[in-house]
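J.: This note's numbering puts the first residue of the sequence shown at 572, with every later residue one more than the last.
For glycine and all other residues, C-beta sits at the position ideal for the given N, C-alpha and C.
Before anything else, here's the structure in question.
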Amino acid sequence: MADTRFPADLDRYSRQMLFAGVGVEGQRRIRAARVLVCGCGALGSAVADGLTRAGVGFLRIVDRDFVELSNLQRQVLFDEQDVASGIPKAIAAAAKLGRINSGVRLDPIVADIDAGNILQFAGDVDLIVDGMDNFETRFLINDAALELSRPWIYAGCIGSHGQVMPIFPGQSACLRCLIGDVPGPGETETCDTAGVLGPAIAVVAALEVTLAIKILCGGREAVRESLSVIDVWEPSLRAMQIGKLREQSDCPACVQGRRDWLRGEKVSQSTVLCGRNAVQISPAEKRKLNLAEVAARLAATGTVTHNTFLLRLELPGGSQRITLFPDGRAIIQGTDDPVVARGIYAKFVGA
Ligand SMILES: [Zn+2]
Numbered sequence: 572m573a574d575t576r577f578p579a580d581l582d583r584y585s586r587q588m589l590f591a592g593v594g595v596e597g598q599r600r601i602r603a604a605r606v607l608v609c610g611c612g613a614l615g616s617a618v619a620d621g622l623t624r625a626g627v628g629f630l631r632i633v634d635r636d637f638v639e640l641s642n643l644q645r646q647v648l649f650d651e652q653d654v655a656s657g658i659p660k661a662i663a664a665a666a667k668l669g670r671i672n673s674g675v676r677l678d679p680i681v682a683d684i685d686a687g688n689i690l691q692f693a694g695d696v697d698l699i700v701d702g703m704d705n706f707e708t709r710f711l712i713n714d715a716a717l718e719l720s721r722p723w724i725y726a727g728c729i730g731s732h733g734q735v736m737p738i739f740p741g742q743s744a745c746l747r748c749l750i751g752d753v754p755g756p757g758e759t760e761t762c763d764t765a766g767v768l769g770p771a772i773a774v775v776a777a778l779e780v781t782l783a784i785k786i787l788c789g790g791r792e793a794v795r796e797s798l799s800v801i802d803v804w805e806p807s808l809r810a811m812q813i814g815k816l817r818e819q820s821d822c823p824a825c826v827q828g829r830r831d832w833l834r835g836e837k838v839s840q841s842t843v844l845c846g847r848n849a850v851q852i853s854p855a856e857k858r859k860l861n862l863a864e865v866a867a868r869l870a871a872t873g874t875v876t877h878n879t880f881l882l883r884l885e886l887p888g889g890s891q892r893i894t895l896f897p898d899g900r901a902i903i904q905g906t907d908d909p910v911v912a913r914g915i916y917a918k919f920v921g922a
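Structural data, given as structure tokens:
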């Protein structure tokens, strides 16, 4: 039943507007807002779900990956049908989100976020939200957010714990103030070694969406500069005050103005994918492949299937699989060795 206390076009958000921190004016700001969600895996899909239900006006979702069965334990937007279809996560997510709230303009993009495209993805949004699974891309997002002077929300999750931090370029500590540099191989836990619990994702994503709503409604002043650290197993939630972090860090990025990731100096061309026994290969030059032609060419080398978005080649023996995207990017499954993966790519896709 319609709630006559609110404008008819916002009626579906009545419970959110009744909450004092939002109200009708806050809801209007949420509806006027444009948000970029980087990555649509576990965190990204939960965040996109929350922002869509909350009624953001425009939501761009960028993800490089496709849906697999082992995703369903924690990636709330996907189901077994998506696995069977073999469609990219951004496309599957947008289909689901469009049914949840047709009032949100959705912009799904199947791409690997890199130094060459991030300014384009982030240039026309009000807020960037982290749904990534790797630090390399997070540091790139950090550079782009500083360059564009856009607020962004950093988040990460592993095992039963996670952390969330809002970043206001030039005003509060950035990711580089907090962490310094991308952790080297073996320096941190990964989902390979520690796994990840669905409920931990749910709590971290909830904190991200809450921060996003606060920022969209009230701007910088509405949000405290702090690092939230949670553990759902204990359970515990701490908000660590980091107000002095920026002035103490002499940060290369937000104080000195360096953009090491955005300039491409720190971005590698092969990326080991966390927990997947897989390596992604990104060609230096983007291509525009005709997947049907490639499929015909590869037909003799193994079992090939393809659709508009990707091509899949099962190599003889069944232990390795190539998933190729139209821009020339590929995910090589069945190895976590970048050298082996680059070799397979060169052999079947070409240098
Ligand atoms: Zn900084």
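How would you write the range of the alpha helix (DSSP H) that Arg670 sits in, first residue to last?
T.: Within the sequence shown, numbered from 1, the residue matching residue 670 stands at position 99. Residues 660-671.
J.: In the DSSP assignment, find the beta strand (DSSP E) that holds Leu884 and state where it starts and stops.
T.: Residue numbering aside, residue 884 sits at position 313 when the sequence shown is read from its first letter. Unbroken beta strand (DSSP E) run through Leu884: 882-885.
J.: Taking 7 angstroms as the cut-off, is the C-beta of Cys825 nearer than that to any heavy atom in ligand 1?
T.: Here residue 825 refers to the residue found at position 254 when the sequence shown is read from its first residue. Within the cutoff, so yes.
J.: According to DSSP, is Thr781 part of a helix, a strand, or is it coil?
T.: Position 210 of the sequence shown, counting from 1, holds the residue named residue 781. The answer is helix: DSSP assigns Thr781 an H, G or I state.
J.: Taking buried to mean at least 16 other C-beta atoms within 10 Å of its own C-beta, is Asn530 buried or exposed?
T.: Any question about residue 530 goes unanswered here, given that the chain covers just 572 to 922.
J.: If Ser608 sits next to Val675, beta carbons under 8 angstroms apart, how far is it from one beta carbon to the other, in whole angstroms?
T.: In the sequence shown, the residue the question calls residue 608 occupies position 37. In the sequence shown, the residue the question calls residue 675 occupies position 104. The identity of residue 608 in the sequence shown is Val, whereas the question assumes Ser. Their Cβ separation, rounded to whole angstroms, is 12 angstroms, which puts Val608 and Val675 out of contact at 8 angstroms.
J.: Judging by CA-CA distance, which residue of Gly766, Gly846, Asp650 is the nearest neighbour of His732?
T.: As a position in the sequence shown, residue 732 is number 161, starting the count at 1. When each option's Cα is compared against that of His732, the closest is Gly766.
J.: Does DSSP put Phe919 in a helix, in a strand, or in coil?
T.: One-based indexing of the sequence shown puts residue 919 at position 348. In this structure, Phe919 counts as helix in the three-state DSSP scheme.
J.: Helix, strand or coil for Ser853? Go by DSSP, reduced to three states.
T.: Within the sequence shown, numbered from 1, the residue matching residue 853 stands at position 282. The answer is coil: DSSP assigns Ser853 none of H, G, I, E or B.
J.: Using DSSP with H/G/I as helix, E/B as strand and the rest coil, what is Met703?
T.: Here residue 703 refers to the residue found at position 132 when the sequence shown is read from its first residue. In the structure shown, Met703 sits in coil (DSSP, three-state: anything other than H, G, I, E or B).
J.: Going by alpha carbons, who is nearest to Ala870 out of Leu782, Pro887, Leu833?
T.: Along the sequence shown, one-based indexing puts residue 870 at 299. That would be Pro887, whose Cα lies nearest to the Cα of Ala870.
J.: Which residues does DSSP list as the beta-bridge partners of Ala810?
T.: Looking up residue 810 in the sequence shown gives position 239. Note: Ala810 sits in a beta bridge opposite Ser799.
J.: Taking Cys748 as part of the beta strand (DSSP E), name the residues at either end of that continuous run.
T.: By 1-based counting over the sequence shown, the position of residue 748 is 177. First-last for Cys748: 746-750, but that is the alpha helix (DSSP H), not the beta strand (DSSP E).
J.: Take Gly592 as the anchor and find which of Ile784, Ala663, Arg858 has the nearest alpha-carbon.
T.: Numbered from 1 along the sequence shown, position 21 holds the residue referred to as residue 592. The shortest C-alpha separation from Gly592 is found at Ile784.
J.: What I want to know is whether the C-beta of Arg747 ends up closer than 7 angstroms to one or more non-hydrogen atoms of ligand 1.
T.: Walking along the sequence shown from the start, residue 747 turns up at place 176. Yes, Cβ of Arg747 sits closer than 7 angstroms to a heavy atom of ligand 1.
J.: How would you call Lys667, buried or exposed, if buried means at least 16 neighbouring beta carbons within 10 angstroms?
T.: What you label residue 667 is simply residue 96 of the sequence shown in a count that begins at 1. Classification for Lys667: buried.
J.: Just to confirm before moving on: does the CB-CB distance between Leu808 and Ser799 stay below 8 angstroms?
T.: Sequence index remark: in the sequence shown, residue 808 carries index 237 (1-based). Sequence index remark: in the sequence shown, residue 799 carries index 228 (1-based). Cβ atoms of Leu808 and Ser799: closer than 8 angstroms.
J.: Measure the Cβ-Cβ separation of Arg631 and Val700 and say whether it is below 8 angstroms.
T.: In the sequence shown, counting from the first residue as 1, residue 631 sits at position 60. In the sequence shown, counting from the first residue as 1, residue 700 sits at position 129. Cβ atoms of Arg631 and Val700: not closer than 8 angstroms.
J.: Kindly examine ligand 1 and report whether one of its heavy atoms sits closer than 7 angstroms to the Cβ of Ala716.
T.: Against the sequence shown, residue 716 aligns to sequence position 145. No, ligand 1 has no heavy atom inside 7 angstroms of this Cβ.
J.: Measuring from the CB of Arg830, is there a heavy atom of ligand 1 at a distance below 7 angstroms?
T.: To locate residue 830, count along the sequence shown from 1; it is residue 259. No - ligand 1 has no heavy atom lying nearer than 7 angstroms to the Cβ of Arg830.
J.: For the beta strand (DSSP E) that Phe629 lies in, which residues bound it at each end?
T.: For the purposes of this step, residue 629 is taken as the residue at position 58 of the sequence shown. That run of the beta strand (DSSP E) goes 629-634.
J.: According to DSSP, is Thr874 helix, strand or coil?
T.: Stepping through the sequence shown from its first residue, residue 874 is reached at position 303. Of the three classes helix, strand and coil, the one that applies to Thr874 here is strand, per DSSP.
J.: How many whole angstroms separate the CB atoms of Leu614 and Ile772, which I take to be in contact at a CB cut-off of 8 angstroms?
T.: Mapped onto the sequence shown, residue 614 falls at position 43. Mapped onto the sequence shown, residue 772 falls at position 201. Contact holds; Cβ gap of about 6 angstroms.
J.: Using three-state DSSP, classify Phe637 as helix, strand or coil.
T.: By one-based count along the sequence shown, residue 637 stands at place 66. Phe637: strand per DSSP, three-state reduction.
J.: Within 7 angstroms: the Cβ of Ser720 and any heavy atom of ligand 1?
T.: The residue you call residue 720 lines up with position 149 of the sequence shown. It does not: the Cβ of Ser720 is nowhere closer than 7 angstroms to a heavy atom of ligand 1.
J.: On a Cα-Cα basis, can you pick out the residue from Leu719, Ser720, Ala693, Asp685 that is closest to Leu711?
T.: Start at 1 with the first residue of the sequence shown, and residue 711 comes out as number 140. Residue Asp685 is the option with its Cα nearest to Leu711.
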